[in-house]
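Everything in the sequence shown is counted per the working numbering, starting at 67 for the first residue and increasing by one.
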Amino acid sequence: MAFRKTVKRTLFIGSGVLAAVYGCSQLTDYYKKHAQFSLVEAAEPINIPYQDELPSREGQLSALRNTPEFDVLIVGGGATGCGCALDAVTRNLKTALVEREDFSSGTSSRSTKLIHGGVRYLQKAIMKLDYEQYLMVKEALHERSNLLKIAPHLSGPLPIMLPVYKWWQLPYYWAGIKMYDLVSGSQCLKSSYILNKSKALELFPMLKKDQLVAAIVYYDGQHNDARMNLAIALTAARYGAATANYTEVMCILKKTDPETGKERVCGARCRDVITGQEFDVRAKCVINATGPFTDSLRKMDDQNIPNICQPSAGVHIVMPGYYSPDKMGLLDPATSDGRVIFFLPWEKMTIAGTTDTPTEVTPHPVPKEEDITFILSEVRNYLSSDVEVRRGDVLAAWSGIRPLVTDPNSKDTQSICRNHILDVSESGMVTIAGGKWTTYRAMAEETIDAAIKANGLKAGPSRTVGLVLEGAKDWTPTTYIRLVQDYGLEIEVAQHLASTYGDKAFDVAKMAKVTGKRWPIVGKRLVSEFPYIECEVQYAVKEYACTAIDVIARRTRLGFLNVQAADEALPKIVEIMGKELKWSEQKKREELQAAKQFLYYEMGYKTRSEQLTNISEISLSAADVDRYKKRFHKFDTQKKGFITIVDVQHVLESISVQIDENTLHEILNEVDLNKNGQVELNEFLQLMSAIQKGYVSGSRLAILMKIAEESLDQREPVSVDRSGGGV
Numbered sequence: 067m068a069f070r071k072t073v074k075r076t077l078f079i080g081s082g083v084l085a086a087v088y089g090c091s092q093l094t095d096y097y098k099k100h101a102q103f104s105l106v107e108a109a110e111p112i113n114i115p116y117q118d119e120l121p122s123r124e125g126q127l128s129a130l131r132n133t134p135e136f137d138v139l140i141v142g143g144g145a146t147g148c149g150c151a152l153d154a155v156t157r158n159l160k161t162a163l164v165e166r167e168d169f170s171s172g173t174s175s176r177s178t179k180l181i182h183g184g185v186r187y188l189q190k191a192i193m194k195l196d197y198e199q200y201l202m203v204k205e206a207l208h209e210r211s212n213l214l215k216i217a218p219h220l221s222g223p224l225p226i227m228l229p230v231y232k233w234w235q236l237p238y239y240w241a242g243i244k245m246y247d248l249v250s251g252s253q254c255l256k257s258s259y260i261l262n263k264s265k266a267l268e269l270f271p272m273l274k275k276d277q278l279v280a281a282i283v284y285y286d287g288q289h290n291d292a293r294m295n296l297a298i299a300l301t302a303a304r305y306g307a308a309t310a311n312y313t314e315v316m317c318i319l320k321k322t323d324p325e326t327g328k329e330r331v332c333g334a335r336c337r338d339v340i341t342g343q344e345f346d347v348r349a350k351c352v353i354n355a356t357g358p359f360t361d362s363l364r365k366m367d368d369q370n371i372p373n374i375c376q377p378s379a380g381v382h383i384v385m386p387g388y389y390s391p392d393k394m395g396l397l398d399p400a401t402s403d404g405r406v407i408f409f410l411p412w413e414k415m416t417i418a419g420t421t422d423t424p425t426e427v428t429p430h431p432v433p434k435e436e437d438i439t440f441i442l443s444e445v446r447n448y449l450s451s452d453v454e455v456r457r458g459d460v461l462a463a464w465s466g467i468r469p470l471v472t473d474p475n476s477k478d479t480q481s482i483c484r485n486h487i488l489d490v491s492e493s494g495m496v497t498i499a500g501g502k503w504t505t506y507r508a509m510a511e512e513t514i515d516a517a518i519k520a521n522g523l524k525a526g527p528s529r530t531v532g533l534v535l536e537g538a539k540d541w542t543p544t545t546y547i548r549l550v551q552d553y554g555l556e557i558e559v560a561q562h563l564a565s566t567y568g569d570k571a572f573d574v575a576k577m578a579k580v581t582g583k584r585w586p587i588v589g590k591r592l593v594s595e596f597p598y599i600e601c602e603v604q605y606a607v608k609e610y611a612c613t614a615i616d617v618i619a620r621r622t623r624l625g626f627l628n629v630q631a632a633d634e635a636l637p638k639i640v641e642i643m644g645k646e647l648k649w650s651e652q653k654k655r656e657e658l659q660a661a662k663q664f665l666y667y668e669m670g671y672k673t674r675s676e677q678l679t680n681i682s683e684i685s686l687s688a689a690d691v692d693r694y695k696k697r698f699h700k701f702d703t704q705k706k707g708f709i710t711i712v713d714v715q716h717v718l719e720s721i722s723v724q725i726d727e728n729t730l731h732e733i734l735n736e737v738d739l740n741k742n743g744q745v746e747l748n749e750f751l752q753l754m755s756a757i758q759k760g761y762v763s764g765s766r767l768a769i770l771m772k773i774a775e776e777s778l779d780q781r782e783p784v785s786v787d788r789s790g791g792g793v
């Protein structure tokens with residue numbers, strides 16, 4: 067009976083609904099969308115001056131202070147806010163944007179890194195015959211195509227595998243994925259296809275083999291979200307928008323409309339967070355694009371209005387790249403609690419997430435251990451038992467706040483809006499909230515349309531469809547080869563620069579210092595295992611980076627990829643930024659401490675380190691305890707019960723291994739739970755117990771001591787008896 071129902075449902079999806087919805091797509095959407103985009107693409111080219119030299123932050127602040135009145139003032143430097151600024155300035159509107167922290171410092175840098183239409187939303191649209199949700203997917207798929215075209219250096223197609231473990235699910239999932247292709251129409255990235263078990267395991271060898279029937283592969287887009295956000299902001303700045311990060315809105319300015327006698331929003335009182343200086347920014351229209359902080363700005367306008375934002379925390383984790391193939395993602399469509407989990411290659415690492423739990427609005431969300439544990443548990447369900455999924459392999463973890471909203475104009479104010487909402491208050495402030503990364507451009511277009519209508523501004527249609535972003539104009543897939551040939555950069559470094567800065571990579575390469583080596587000729591790395599080079603810190607300052615956190619989190623993605631590597635790079639980053647921004651020694655210390663706090667709390671260093679410090683029990687067999695005691699005493703030759711840097715140096719020198727004192731201090735400090743400058747036997751046994759359980763991985767001290775023990779054992783003299791009596 068269940069089988070018949072399943073087949074019946076599958077056939078229903080595969081025939082009737084497929085034809086009906088696709089037909090609606092071709093009729094309704096053709097007239098509503100296609101004609102509109104054709105009009106935009108056929109419009110005259112943008113005749114607004116494009117500045118080859120990026121304005122300085124000081125110049126942008128001067129424009130904010132000294133311009134008598136802007137047409138629009140946008141509050142919020144996330145994807146939507148920066149999208150609004152680009153849309154407005156390319157319509158020849160006098161545009162300003164302020165962000166109280168850094169561009170993309172909030173939700174826009176903490177996404178799943180996908181540019182997608184939403185497979186699960188399409189499933190709901192079909193099952194519930196929800197045409198509104200279908201249109202949302204259709205719009206997102208168009209925007210996906212556009213985003214891949216306007217920033218090809220930052221984005222690209224990604225195949226995603228959906229493993230099938232029950233044979234009856236195969237036609238059901240296949241119909242849904244094929245529907246996704248059909249709704250994409252001519253903008254389909256690549257057609258989905260079915261793989262048999264052996265082929266699926268060939269492409270994704272880490273996959274669990276037991277009961278695997280087949281797999282379906284479909285395509286979505288992937289991008290570097292923080293860099294994409296920054297590219298939008300920089301493009302808006304080059305077209306003339308006055309954009310400033312670390313500029314906080316203190317209050318909304320209002321004036322009385324002489325015709326109606328009502329108060330109208332006319333700007334905002336702002337404060338430069340870096341210097342503390344306050345100033346007024348006057349504008350005909352104020353746009354609220356503050357994401358999770360939507361209600362805070364709305365209440366500056368009207369204290370009596372109800373909240374519309376219902377924040378949800380989404381946690382992601384980063385694991386070593388060997389957990390997934392280089393160019394193949396994985397979708398878990400039905401986790402143990404019904405949520406969807408993605409498992410994707412990103413920046414040569416593996417990203418897994420996301421969770422979806424209610425949370426409080428905070429500018430500095432912290433990932434929780436229970437969320438990390440949940441993701442790891444789900445990952446284990448899909449990976450082979452040969453692959454030990456260890457808690458210690460979580461290299462970074464972060465939480466982003468998804469700003470779910472209720473429509474203030476809806477009769478049912480309790481229901482969550484699946485799409486974005488646009489609201490114009492009685493005083494004229496325009497609020498754009500909700501939505502998702504992929505549709506930022508469409509949201510921005512709709513917002514500026516509403517601002518023009520509500521305030522009688524003179525402007526033409528949106529011109530952002532097909533408008534290339536910073537770095538995309540002269541970029542090609544072979545740009546990195548020119549960087550290698552012209553500047554003598556390592557291939558990996560050149561590929562990173564090209565895929566991060568696009569055609570601006572040459573400006574970065576020009577700043578690179580000579581290494582003094584035969585190869586690479588230029589480009590000193592910040593840390594050995596990542597392709598980020600020192601001159602990128604200098605270039606980051608040109609891109610409005612004001613703090614060390616801006617560099618490790620958004621100008622590069624080091625903090626999101628590996629918290630320990632980011633921590634190691636921080637002193638050099640602070641040193642370079644200090645020279646560029648003329649920081650005092652006190653300011654350098656403050657920046658270093660702030661960045662370490664960011665890594666510790668917001669990037670998961672705290673939860674990572676607690677895996678060792680919270681383990682009080684030592685779960686080792688008697689044989690293991692004896693083995694590890696023997697290893698420990700090869701360093702603690704005086705039987706003190708603890709080892710110090712001097713002890714480790716002495717043993718390493720005896721096997722011709724040279725490690726500088728500062729590095730050794732860092733290595734011991736990772737294990738020194740008491741922070742007394744020495745590692746006691748009990749601490750070492752706790753470490754080895756945690757490693758066996760998978761709570762800790764990649765411990766430099768444990769690996770060094772093992773290598774040293776093996777080297778010392780090989781040097782021990784062989785007895786005459788064992789050698790056969792000699793000659």
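C-beta: ideal position from N, C-alpha, C; glycine also.
Owing to the predicted nature of the structure, the values given are computational and were not obtained by experimental measurement.
Drop a sphere of 10 angstroms on the beta-carbon of W240, count the other beta-carbons inside from all chains shown, and report buried for 16 or more, exposed for fewer.
Stepping through the sequence shown from its first residue, residue 240 is reached at position 174. With 16 or more other CB atoms across the displayed protein chains lying within 10 angstroms of its CB, W240 is buried.
Does the count of Cβ pairs from the region 544–564 and the region 575–594 closer than 8 Å reach three?
Using a C-beta cut-off of 8 Å, the region 544–564 makes contact with the region 575–594, since at least three inter-stretch Cβ pairs fall below that distance.
Have a look at the DSSP bridge pairing and note the partners of L273.
Mapped onto the sequence shown, residue 273 falls at position 207. L273 pairs with L449.
What ranges does the alpha helix (DSSP H) occupy inside the region 518–598, keeping only unbroken runs of at least 4 residues that lie completely in it?
Runs of the alpha helix (DSSP H) inside the region 518–598: 545–553, 557–567 and 571–576.
Integer Cβ distance of L730 from V745, believed to fall under 8 Å
If you number the sequence shown from 1, residue 730 lands on position 664. If you number the sequence shown from 1, residue 745 lands on position 679. Rounded, the Cβ-Cβ distance is 11 Å, inconsistent with contact.
Tell me where the beta strand (DSSP E) around H382 begins and ends.
Here residue 382 refers to the residue found at position 316 when the sequence shown is read from its first residue. H382: member of the beta strand (DSSP E) spanning C375 to M385, first to last residue.
Sub-7 Å separation of A632 and R157 beta-carbons
In the sequence shown, counting from the first residue as 1, residue 632 sits at position 566. In the sequence shown, counting from the first residue as 1, residue 157 sits at position 91. No; because the gap between Cβ atoms is not below 7 Å, this pair is not in contact.
Who are the Cβ neighbours of D361 in its own chain at under 7 Å, not counting the five residues just before and after it?
Looking up residue 361 in the sequence shown gives position 295. Excluding residues up to 5 positions away in sequence, N373, I374 and C375 lie with their Cβ nearer than 7 Å to the Cβ of D361 in the same chain.
In the DSSP assignment, find the beta strand (DSSP E) that holds R364 and state where it starts and stops.
Residue numbering aside, residue 364 sits at position 298 when the sequence shown is read from its first letter. That residue, R364, is in no beta strand (DSSP E); its alpha helix (DSSP H) goes T360 to D367.
Between the Cα of G537 and those of V384, H219 and T504, spot the shortest distance and give me the residue it belongs to.
Taking the sequence shown and counting its residues from 1, one reaches residue 537 at position 471. Looking at the Cα atoms, H219 is the closest of the given residues.
Roughly how many angstroms separate the alpha carbons of S257 and L127, rounded to a whole number?
In the sequence shown, the residue the question calls residue 257 occupies position 191. In the sequence shown, the residue the question calls residue 127 occupies position 61. One alpha carbon belongs to S257, the other to L127, and they sit about 48 Å apart.
K204 beta carbon less than 7 Å from that of V249:
Taking the first residue of the sequence shown as position 1, residue 249 is located at position 183. Taking the first residue of the sequence shown as position 1, residue 204 is located at position 138. Contact: yes.
Check whether the region 686–706 and the region 768–776 touch, using three or more Cβ-Cβ pairs below 8 Å as the test.
Yes, the region 686–706 touches the region 768–776.
Between the region 455–473 and the region 748–761, are three or more C-beta pairs nearer than 8 Å?
Output reads yes: the region 748–761 touches the region 455–473.
Between the CA atoms of G494 and C332 - distance to the nearest angstrom
Numbered from 1 along the sequence shown, position 266 holds the residue referred to as residue 332. Numbered from 1 along the sequence shown, position 428 holds the residue referred to as residue 494. Going by the C-alpha atoms only, they are around 9 Å apart.
If the criterion is Cβ atoms closer than 7 Å, does the pair K414 and G395 meet it?
On the sequence shown, position 348 is the one that residue 414 refers to. On the sequence shown, position 329 is the one that residue 395 refers to. No, the pair does not count as a contact, with Cβ atoms beyond the cut-off.
By the three-class DSSP mapping on this structure, what secondary structure does T425 have?
As a working mapping, residue 425 is identified with position 359 in the sequence shown. T425 falls in the coil class under three-state DSSP.
So the candidates are D437, R330, Q704 and R293; which of them puts its Cα closest to the Cα of S491?
Numbered from 1 along the sequence shown, position 425 holds the residue referred to as residue 491. Checked all of D437, R330, Q704 and R293; the closest Cα to S491 is R330.
Give me the residue from D196, V603 and I684 with the minimum Cα distance to L753.
Numbered from 1 along the sequence shown, position 687 holds the residue referred to as residue 753. L753 has its Cα closest to that of I684, out of D196, V603 and I684.
According to the neighbour-count rule (16 or more other Cβ atoms, all chains shown, within 10 Å of its Cβ), is G501 buried or exposed?
As a position in the sequence shown, residue 501 is number 435, starting the count at 1. Buried: at least 16 other Cβ atoms inside 10 Å.
Quick check: the Cα distance between G242 and G342, rounded to an integer number of angstroms?
One-based indexing of the sequence shown puts residue 242 at position 176. One-based indexing of the sequence shown puts residue 342 at position 276. So the two alpha carbons sit approximately 54 Å from each other.
Which partner residues of M245 appear in the DSSP bridge assignment?
Here residue 245 refers to the residue found at position 179 of the sequence shown. Answer by DSSP bridge pairing: none, since M245 is not bridged.
For I114, which beta-bridge partners are listed by DSSP?
On the sequence shown, position 48 is the one that residue 114 refers to. Assignment of beta-bridge partners to I114 by DSSP yields no partner.
Which of the three DSSP states, helix, strand or coil, is assigned to V817?
Since the first and last residues shown for the chain are 67 and 793, residue 817 lies out of range.
Under the rule that 16 or more other beta-carbon atoms within 10 Å means buried, what is N628, buried or exposed?
The residue you call residue 628 lines up with position 562 of the sequence shown. Classification of N628: buried, given that the 10 Å Cβ count is 16 or more.
Less than 8 Å between C-beta atoms, sequence neighbours within five positions excluded: which residues of the same chain meet that for K321?
On the sequence shown, position 255 is the one that residue 321 refers to. Cβ neighbours of K321 beyond the five flanking positions: E329, R330 and C332.
Quick check: the Cα distance between S777 and I721, rounded to an integer number of angstroms?
Position 711 of the sequence shown, counted from the start, is the residue given in the question as residue 777. Position 655 of the sequence shown, counted from the start, is the residue given in the question as residue 721. So the alpha carbons of these two residues sit roughly 7 Å apart.
First and last residue of the alpha helix (DSSP H) that includes L636?
In the sequence shown, counting from the first residue as 1, residue 636 sits at position 570. For L636, the enclosing alpha helix (DSSP H) has its first and last residue at V629 to L647.
Would you kindly report the start and end of the unbroken alpha helix (DSSP H) that includes Q715?
Indexing the sequence shown from 1 puts residue 715 at position 649. Taken as a continuous stretch (DSSP letters only), the alpha helix (DSSP H) holding Q715 covers I711 to S720.
Runs of alpha helix (DSSP H) lying entirely within the region 135–189, each at least 4 residues, in chain order:
Whole alpha helix (DSSP H) segments, 4+ residues: 145–155.
Coil, strand or helix - C332 by DSSP
In the sequence shown, counting from the first residue as 1, residue 332 sits at position 266. Three-state DSSP puts C332 in a strand.
Look at K139 and V352 and say whether their C-beta atoms are less than 7 Å apart.
For the purposes of this step, residue 139 is taken as the residue at position 73 of the sequence shown. For the purposes of this step, residue 352 is taken as the residue at position 286 of the sequence shown. The displayed chain sequence assigns Leu, not Lys, to residue 139. When the beta-carbon positions are compared, L139 and V352 come within less than 7 Å of each other.
Can you list, in chain order, the residues of its chain whose CB lies under 7 Å from that of T420, leaving out five sequence neighbours each side?
Locating residue 420 in the sequence shown gives position 354, where the first residue counts as 1. For T420, same chain residues with a beta-carbon under 7 Å away, outside a window of 5 residues either side, are T178, G380, V381 and H382 in chain order.
What does the alpha-carbon distance come out to for the pair M509 and E656?
One-based indexing of the sequence shown puts residue 509 at position 443. One-based indexing of the sequence shown puts residue 656 at position 590. Cα atoms of M509 and E656: separation of roughly 38 Å, rounded to the nearest angstrom.
I'd like to check one pair, G554 with I599: are the Cβ atoms closer than 7 Å?
Here residue 599 is taken as the residue at index 533 of the sequence shown, counted from 1. Here residue 554 is taken as the residue at index 488 of the sequence shown, counted from 1. No, the Cβ-Cβ distance between I599 and G554 is not below 7 Å.
Sequence-distant residues of its chain with Cβ nearer than 7 Å to T301 (five each side left out):
On the sequence shown, position 235 is the one that residue 301 refers to. Contacts found: L152, L535 and E536.
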